[in-house]
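**Q** First, the structure itself, so that you have it in front of you.
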Amino acid sequence: MSALLEVKNVSKAFGGVQANSGISLEVPEGKIIGLIGPNGSGKTTLFSSIVGYHPIDSGSIRFEGSEISKMRVRQIARRGLLRTFQQTRIYGGMTCVQNMLISTSMRDQTLGRLFASQKSGEHGRAEELLEFVGLYQKRHLMAGDLSFGQQKLLEFAMALMNEPRLLMLDEPTAGINPTLINGLIDRLKHANTTFGITLFVIEHNMRVIMNLAEHIYCLAHGELLADGKPEEIQNDQRVLDAYLGA
Ligand code: ADP
Numbered sequence: 001m002s003a004l005l006e007v008k009n010v011s012k013a014f015g016g017v018q019a020n021s022g023i024s025l026e027v028p029e030g031k032i033i034g035l036i037g038p039n040g041s042g043k044t045t046l047f048s049s050i051v052g053y054h055p056i057d058s059g060s061i062r063f064e065g066s067e068i069s070k071m072r073v074r075q076i077a078r079r080g081l082l083r084t085f086q087q088t089r090i091y092g093g094m095t096c097v098q099n100m101l102i103s104t105s106m107r108d109q110t111l112g113r114l115f116a117s118q119k120s121g122e123h124g125r126a127e128e129l130l131e132f133v134g135l136y137q138k139r140h141l142m143a144g145d146l147s148f149g150q151q152k153l154l155e156f157a158m159a160l161m162n163e164p165r166l167l168m169l170d171e172p173t174a175g176i177n178p179t180l181i182n183g184l185i186d187r188l189k190h191a192n193t194t195f196g197i198t199l200f201v202i203e204h205n206m207r208v209i210m211n212l213a214e215h216i217y218c219l220a221h222g223e224l225l226a227d228g229k230p231e232e233i234q235n236d237q238r239v240l241d242a243y244l245g246a
């Protein structure tokens, strides 16, 4: 059976900069897959290509067997493929609940699968998901008044509102204090095991990604350098050299 996401030979240049060069990788359904690599190695570019933020120069990107590389962001999101950003994209002048409610405009219709049995309606689901990420007490506060770490939790909850099949997270723990990091790891695992959401995660914190992902891809200079289980990647001399040389 083919993987949920299949990236084949994807290349993307910005002017003279070859940001991605012939990258091939797979994200199987139900897994948590990691993407690492030094700064400037092309991780964010690859995420942006997958979600349709910019066209690729060559290669193929398939989601559930369908070619999506020529689709627009919204079309791709509707299929259940979503990403979060390194810098959160929330509306600071709106409350947490309001942010949750507008986040579903990315998808025309949600299935009401997550928590739907406990509270009905979008508002109920928004509150349940805020509780899931530990922000229930702050649900009526302006999102702009939350700490950066809490804003990242809010963004994660907003993504869950859309019931993604595949959620791609760009450095979810960057800028978050260690206590919140542990809570976030638990919730990511929970979203994967209980809600059945496949995760593809860019992460600089090696402790986090080694704990979270069952398979890790490593990029360097826009190319796929290595891939394997966390313990293999951790001991791969090419990976160590790439980080030291960065
Ligand atoms: P990473 O996420 O691994 O840090 P990026 O994908 O952000 O790497 O960047 C890969 C390369 O592509 C870098 O050299 C970066 O400067 C370049 N790049 C990324 N986005 C753009 C852009 N919009 N315009 C020009 N160059 C870009």
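Numbered per UniProt numbering, the sequence shown spans residues 1 to 246. The beta-carbon is built from N, C-alpha and C at its ideal position, and this holds for glycine as well. Please read these numbers as outputs of a predicted model, since none were measured by experiment.
1) Applying the 10 Å Cβ sphere with the 16-neighbour rule, what's the burial state of D227?
2) Where does T95 sit, in a helix, a strand or coil, going by DSSP?
3) Short check: CB of L184 to CB of T173, under 8 Å?
4) Report yes if the C-beta distance between V7 and I61 is below 8 Å; otherwise report no.
5) Using only CA atoms, which one of I209, G175, I202, P164 lies nearest to T186?
6) Closer than 7 Å: is that where the CB of G17 sits relative to any heavy atom of the ligand ADP?
7) For a cutoff of 8 Å on Cβ pairs, would you count L240 as touching chain D?
8) In chain order, what residues of the same chain lie with their CB nearer than 6 Å to the CB of F200, ignoring the 5 residues before and after it?
9) Indicate whether S11 and I50 have their beta-carbon atoms separated by less than 8 Å.
10) Using only CA atoms, which one of G40, N39, A77 lies nearest to E163?
11) Between the alpha carbons of A159 and I102, how many angstroms are there, rounded?
12) Compute the Euclidean distance between the alpha carbons of N9 and H140, then round it to the nearest angstrom.
13) Quick one: measure Cβ to Cβ for D145 and R83, integer angstroms, because I've assumed they're closer than 8 Å.
14) Put T194 into one of helix, strand or coil per three-state DSSP.
15) Quick check on DSSP: helix, strand or coil for M71?
16) Is T179 near K31, with beta carbons less than 8 Å apart?
17) Mind checking who I56 pairs with in its DSSP beta bridge?
18) Sort out for me which residues DSSP pairs G228 with in a bridge.
19) I need the straight-line Cα distance from L153 to A13, nearest angstrom please.
20) Grouping DSSP H, G and I as helix and E and B as strand, with all else coil, what is K189?
21) Could you give the distance in angstroms between the alpha-carbon of E231 and the alpha-carbon of L46?
22) Can you list, in chain order, the residues of its chain with a C-beta nearer than 8 Å to that of T95? Leave out the 5 residues immediately preceding and following it.
23) From R125 to T44, what does the alpha carbon distance come to, in whole angstroms?
24) Can you determine whether any heavy atom of the ligand ADP sits closer than 7 Å to the C-beta of K43, and answer yes or no?
25) Quick one: is S2 buried, meaning 16 or more other Cβ sit within 10 Å of its Cβ, or exposed?
26) Using the Cβ count rule (16 or more neighbours within 10 Å means buried), how would you classify Y217?
**A** Checking against the coordinates, here is how it stands:
1) For the purposes of this step, residue 227 is taken as the residue at position 227 of the sequence shown. Under this definition D227 is a buried residue.
2) As a position in the sequence shown, residue 95 is number 95, starting the count at 1. It is a strand residue.
3) Taking the first residue of the sequence shown as 1, we reach residue 184 at position 184. Taking the first residue of the sequence shown as 1, we reach residue 173 at position 173. Yes, the Cβ-Cβ distance between L184 and T173 is below 8 Å.
4) Residue mapping note: residue 7 aligns to position 7 of the sequence shown, counting from 1. Residue mapping note: residue 61 aligns to position 61 of the sequence shown, counting from 1. In contact: V7 and I61 (Cβ atoms closer than 8 Å).
5) Counting from one through the sequence shown, the residue named residue 186 turns up at place 186. Note on residue identity: the sequence assigns Asp, not Thr, to residue 186. The candidate whose alpha carbon is nearest that of D186 is I209.
6) As a working note, residue 17 is residue 17 in the sequence shown. The displayed chain sequence assigns Val, not Gly, to residue 17. Yes, the ligand ADP has a heavy atom inside 7 Å of this Cβ.
7) The chain labelled as chain D is not found in the depicted structure, where only one protein chain is given.
8) Locating residue 200 in the sequence shown gives position 200, counting from the first residue. Closer than 6 Å at the Cβ level, and outside the excluded window around F200, lie V27, I33, M168.
9) Taking the sequence shown and counting its residues from 1, the one referred to as residue 11 is at position 11. Taking the sequence shown and counting its residues from 1, the one referred to as residue 50 is at position 50. The answer is no: Cβ separation not under 8 Å.
10) Residue 163 sits at position 163 when you count from the first residue of the sequence shown. Taking only the C-alpha atoms, the option nearest E163 is A77.
11) The sequence position of residue 159 within the sequence shown is 159, counting from 1. The sequence position of residue 102 within the sequence shown is 102, counting from 1. If I take the Cα positions, the gap works out to 11 Å.
12) In the sequence shown, counting from the first residue as 1, residue 9 sits at position 9. In the sequence shown, counting from the first residue as 1, residue 140 sits at position 140. So the two alpha carbons sit approximately 46 Å from each other.
13) As a working mapping, residue 145 is identified with position 145 in the sequence shown. As a working mapping, residue 83 is identified with position 83 in the sequence shown. Between R83 and D145 the Cβ distance is about 25 Å, and since that is not below 8 Å, they are no contact.
14) By 1-based counting over the sequence shown, the position of residue 194 is 194. Residue state, collapsed to three classes: coil.
15) Here the question's residue 71 lines up with position 71 in the sequence shown. DSSP places M71 in coil when its eight states are reduced to three.
16) Numbered from its first residue, the sequence shown carries residue 179 at position 179. Numbered from its first residue, the sequence shown carries residue 31 at position 31. Not in contact: T179 and K31 (Cβ atoms no closer than 8 Å).
17) To locate residue 56, count along the sequence shown from 1; it is residue 56. For I56, which the question treats as bridged, DSSP gives no partner whatsoever.
18) The residue you call residue 228 lines up with position 228 of the sequence shown. Partner(s): I216.
19) Within the sequence shown, residue 153 is the residue found at index 153, counting from 1. Within the sequence shown, residue 13 is the residue found at index 13, counting from 1. The straight-line gap from Cα to Cα measures roughly 32 Å.
20) Against the sequence shown, residue 189 aligns to sequence position 189. In this structure, K189 counts as helix in the three-state DSSP scheme.
21) Here residue 231 is taken as the residue at index 231 of the sequence shown, counted from 1. Here residue 46 is taken as the residue at index 46 of the sequence shown, counted from 1. Cα to Cα, the separation comes out at about 24 Å.
22) On the sequence shown, residue 95 is found 95 positions in, with the first residue counted as 1. Only R139, H140, L141, M142, A143 meet the Cβ criterion.
23) One-based indexing of the sequence shown puts residue 125 at position 125. One-based indexing of the sequence shown puts residue 44 at position 44. Their backbone Cα atoms lie some 30 Å apart in a straight line.
24) In the sequence shown, counting from the first residue as 1, residue 43 sits at position 43. Yes.
25) The residue you call residue 2 lines up with position 2 of the sequence shown. Label assigned to S2: exposed.
26) For the purposes of this step, residue 217 is taken as the residue at position 217 of the sequence shown. Buried, since its Cβ has 16 or more Cβ neighbours within 10 Å.
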